[in-house]
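Have a look at the structure below before the remarks.
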Amino acid sequence: MSLFILFLVVSISVFIWFGGIRFFNQLPLPVFIRFLLWMSLFYALFFSPLLFYLRTLGQKGPLFDAMAWVGYLLMGIYSILICGVMARDLAGALISLLPFTSTKGHAAMALPFVPARRGFLINGINLAIAGSTATLAGLALKGGLKAPEVVTVTHPAEQPGLKGLRIVQISDLHVSHTIRRGMVERVVSQVSALSPDMVVFTGDLVDGSVAMLRDDVAPLADLAPPMGKYFITGNHEYYSGVRPWLDEVARLGFTTLLNSHLTLNYKGAPLVLAGVTDYHAGRLVPEHASSPKQALSGAPEDAYRILLAHQPLSFTEAKAQNCHLTLSGHTHGGQYLPYTWVIHAVQPWVAGLYEEDGHRLYINRGTGFWGPPFRLGSPSEITLHLFS
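Right, dumping it as structure tokens:
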């Protein structure tokens with residue numbers, strides 16, 4: 001699997017590299033400016049392995065934060081640009097198939113080829129792509145830097161005693177070189193202001209080691225809801241050293257649910273809170289293979305059941321285990337355009353509330369961001385689940 005991922009990353013990088021170079025070469029710019037654009041593209045594509053290596057060495061500080069900000073900003077810009085280039089090339093290929101644009105078999109209908117007109121048209125299209133990319137990137141950066149919005153989701157209280165229960169869900173905070181202590185403090189303040197009965201964190205807390213990020217996640221210790229705070233692993237915990245992070249999360253006062261459950265009580269009503277490891281955790285840590293069945297083994301059948309599962313793909317098994325509500329994250333809702341559209345091709349459930357056969361799934365769009373500090377069309381969120 002790791003070889004496949006490596007092949008995929010390299011293939012995408014090569015595709016973006018050649019697509020970007022071809023686009024730059026078509027712009028009416030001085031050679032020196034083109035060279036700077038080439039270098040920025042190179043940095044955007046190949047700084048990530050460098051940053052990963054520096055993380056393994058525990059490197060931190062303003063220099064590394066600046067490197068990350070520049071690299072991720074460029075990555076975001078070029079990830080938008082390449083979509084425009086692809087759309088341009090696809091449109092050009094389709095137009096070339098039309099009879100009035102081809103001389104193959106349609107000589108009488110073909111329009112005369114005028115190099116000057118063609119060059120003017122290409123320049124105009126490329127400048128439009130560049131302008132659109134800059135506009136979208138600017139809007140996305142503004143959205144990425146905004147405080148998470150609070151989304152209130154109302155659920156029917158299946159048992160009378162659950163009426164009034166307030167659960168706050170945070171997910172995919174991705175504390176790293178670009179999300180630091182200040183952002184975490186802001187999230188803690190927002191969550192505390194909601195007066196939750198419990199707080200659940202549905203994975204992907206960090207991108208980096210405990211040594212690098214301990215001080216940045218420390219404000220999470222200030223969360224003190226009366227019914228406790230609970231944590232499950234996301235895929236990024238396994239990239240960042242899952243065992244040290246489980247110890248650190250416990251030190252912050254969270255109870256981690258690793259394919260396990262607790263039976264809680266709210267105003268006399270039983271409530272089962274279960275949690276599973278990341279959907280693909282077993283590939284990296286075999287004993288962490290995700291299992292909703294194991295998580296709910298022995299849970300009382302008459303209690304309201306909530307399952308915390310980082311990836312929405314766990315919803316299928318959650319329904320089989322008669323979970324009333326599954327809380328997930330992972331997808332970021334695509335995070336920013338145009339990927340807020342693309343993600344629907346690869347994820348059956350993307351963001352927000354779904355209901356199937358009486359079972360509910362809610363997907364938090366992420367409280368932070370991953371990679372580019374962009375949010376457009378899918379704002380970051382803190383979710384208040386209110387039972388009424």
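With UniProt numbering, letter number 363 in the sequence shown gets 363, and the count goes up by one each step, no holes. We treat Cβ as the ideally placed atom computed from N, Cα and C, and that holds for glycine. Keep in mind the model is a prediction, meaning the values are calculated, not measured.
query: Taking just the CA atoms, how far does A134 sit from V208?; result: The sequence as given places Gly at residue 208; Val does not occur at that position. About 30 Å.
query: Between which residues of its own chain and P148 is the CB-CB distance below 6 Å, once the five residues before and five after are set aside?; result: T367, S380, E381 and I382
query: With DSSP run on the structure shown, which of helix, strand or coil describes K229?; result: strand
query: A108: buried (16+ other C-beta within 10 angstroms of its C-beta) or exposed?; result: With a pLDDT of only 47 at A108, under the threshold of 50, the placement of this residue in the model should not be trusted, and no figure is reported.
query: On the CB-based measure, 16 or more other CB atoms within 10 Å of its CB, does S176 come out buried or exposed?; result: buried
query: Where does G377 sit, in a helix, a strand or coil, going by DSSP?; result: coil
query: Is the Cβ-Cβ distance between V188 and P219 less than 8 Å?; result: yes
query: Would a C-beta distance cut-off of 8 Å place P225 and P270 closer than the cut-off?; result: no
query: Under DSSP, the alpha helix (DSSP H) around G241 begins and ends at which residues?; result: Careful: G241 lies outside any alpha helix (DSSP H) and carries neither H nor E.
query: Pick from L37, V31, K319 and H310: whose alpha carbon is nearest that of F231?; result: H310
query: Less than 8 Å between the CB atoms is what I'm expecting for L173 and D204, so what's the real figure, rounded?; result: 7 Å
query: Leaving out five residues before and five after residue 391 in sequence, what residues of the same chain have Cβ atoms less than 6 Å from its Cβ?; result: Residue 391 falls outside the range modelled here, since the chain spans only 1 to 388, and no answer is possible.
query: In its own chain, which residues sit with a C-beta less than 8 Å from the C-beta of M227, not counting the 5 before and 5 after it?; result: D197, M198, L264 and Y266
query: Can the beta-carbon of V276 be found less than 8 Å from the beta-carbon of P286?; result: no
query: Do you know how far the Cα of R283 is from the Cα of M1?; result: Confidence at M1 is low in this model, with a pLDDT of 40, below 50, so the placement of that residue should be treated as unreliable; the coordinate-derived value is given next. Cα to Cα, M1 sits roughly 9 Å from R283.
query: Give, in chain order, every unbroken run of the alpha helix (DSSP H) that is at least 4 residues long and sits entirely within the region 316 to 345.; result: 339 to 342
query: Could you please give me the residues that DSSP links to A269 through a beta bridge?; result: Y266
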